[in-house]
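So the protein lines, in turn, are chains U and D. Quick note: the first sequence uses the numbering used here, first residue 495, plus one each step. Quick note: the second sequence uses the numbering used here, first residue 1491, plus one each step. A quick write-up on the structure given underneath.
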Amino acid sequence: QSALTQPASVSGSPGQSITISCTGTSTDVGGYNYVSWYQQHPGKVPKLIIYDVSERPSGVSNRFSGSKSGNTASLTISGLQAEDEADYYCSSYTSTYTYVFGTGTKVTVL
Amino acid sequence: EVQLVESGGGLVQPGRSLRLSCAASGFNFNDYAIHWVRQTPGKGLEWVSGISRDSGSKVYADSVKGRFTISRDNAQNSVYVQMNSLRPEDTAFYYCVKRGPAADRYFDYWGQGTLVTVSS
């Protein structure tokens, strides 16, 4: 149950697009379309922003989008805004009926 | 409104036990799996354990297997995790999380968390 690999930090200017990668294996990310993404602002509880690789819950901005290729999933934030500055975590269901989270990525808006 | 309220956290010595509770409301509790996720202060998320709607399936992270036991009481809309043989590395905020509907595999609601500190 090794954590999924994410870059420690990603930054961008307001209005730009950024992409966060989430790399796992064929027994988690690559094996299922059950990748989800969570946004966590400092001192707050994580919030679901993407599920099933690319689905957005009601109320989540369409500036957030998800995709997957092989063992790597990606979260793209387009039209970056100051309020997007937060930590982002991916998660995947696994072949052992468990779940694994990513190492987390800190997004900074320059 | 969906609410998940954790309780039972605190300071405990290594090797001792603690039982966390999660009281749920605002949804049909019997229809959803519930999980526990923990987060070391200032660090990342770690999935800990989960229990199915009818308690027929219970799963654990390798890091807690054999030490933690998850259970639920559908009559009380509550989930519990009994944590035995606690270690300093178990120190974390523990979140009770609701899984999505049916076959979904994501966590759509999170509690505010309860802090467990394992230290002598």
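Cβ coordinates follow ideal geometry from the N, Cα and C atoms, glycine included.
Exercise for the section: For R1577/D, count neighbouring Cβ atoms within 10 angstroms of its own Cβ and tell me buried if that reaches 16, exposed if not. Expected result: Counting Cβ neighbours within 10 Å, R1577/D comes out exposed, since fewer than 16 surround it.
Exercise for the section: At 7 Å on the CB atoms, spell out the chain D contacts of Q495/U, in chain order. Expected result: For Q495/U, the chain D residues whose C-beta falls within less than 7 Å of its own C-beta are A1551, D1552, listed in chain order.
Handout entry: Simplified DSSP assignment, three categories, for E577/U
Key = It is helical.
Exercise for the section: Rank A1523/D, L1535/D, P1591/D, T1581/D by C-alpha distance to the C-alpha of G1505/D and give the top, closest one. Expected result: Per the C-alpha coordinates, the member of A1523/D, L1535/D, P1591/D, T1581/D positioned closest to G1505/D is T1581/D.
Practice task
Rank G1540/D, C1586/D, A1513/D, K1548/D by C-alpha distance to the C-alpha of P540/U and give the top, closest one.
Solution key: Nearest to P540/U by alpha-carbon distance, out of G1540/D, C1586/D, A1513/D, K1548/D, is C1586/D.
Handout entry: Beta-carbon separation (whole angstroms), S1575/D vs R1557/D, contact threshold 8 Å
Key = About 5 Å; that satisfies the 8 Å criterion.
Exercise for the section: Specify the secondary structure class of F558/U as computed by DSSP and reduced to three states. Expected result: Strand at F558/U.
Practice task
Please check if any C-beta of chain D sits within less than 9 Å of the C-beta of S596/U.
Solution key: Residue identity differs from the one stated: residue 596/U is Gly in this sequence, not Ser. Put simply, the CB of G596/U is near chain D, with a gap under 9 Å to one of its CB atoms.
Problem - Partners in chain U for E1536/D, counting only beta-carbon separations shorter than 7 Å - result: Against chain U, a Cβ distance below 7 Å from E1536/D picks out F595.
Exercise for the section: For F1519/D, return the contacting residues in chain U, with the cut-off set at a CB-CB distance below 9 Å. Expected result: Ordered by position in chain U, no residue passes the 9 Å Cβ test against F1519/D, which lies about 19 Å from the chain.
Exercise for the section: Decide yes or no for the touch test of the stretch 506 to 520 of chain U against the stretch 565 to 575 of chain U: beta carbon pairs closer than 8 Å, at least 3 of them. Expected result: Because the criterion of three Cβ pairs below 8 Å is met, the stretch 506 to 520 of chain U and the stretch 565 to 575 of chain U touch.
Handout entry: Residues in the stretch 538 to 572 of chain U having any Cβ partner in chain D nearer than 8 Å
Key = Against chain D - using a Cβ distance shorter than 8 Å - the residues of the stretch 538 to 572 of chain U are V539, P540, K541, L542, Y545, D546, P551.
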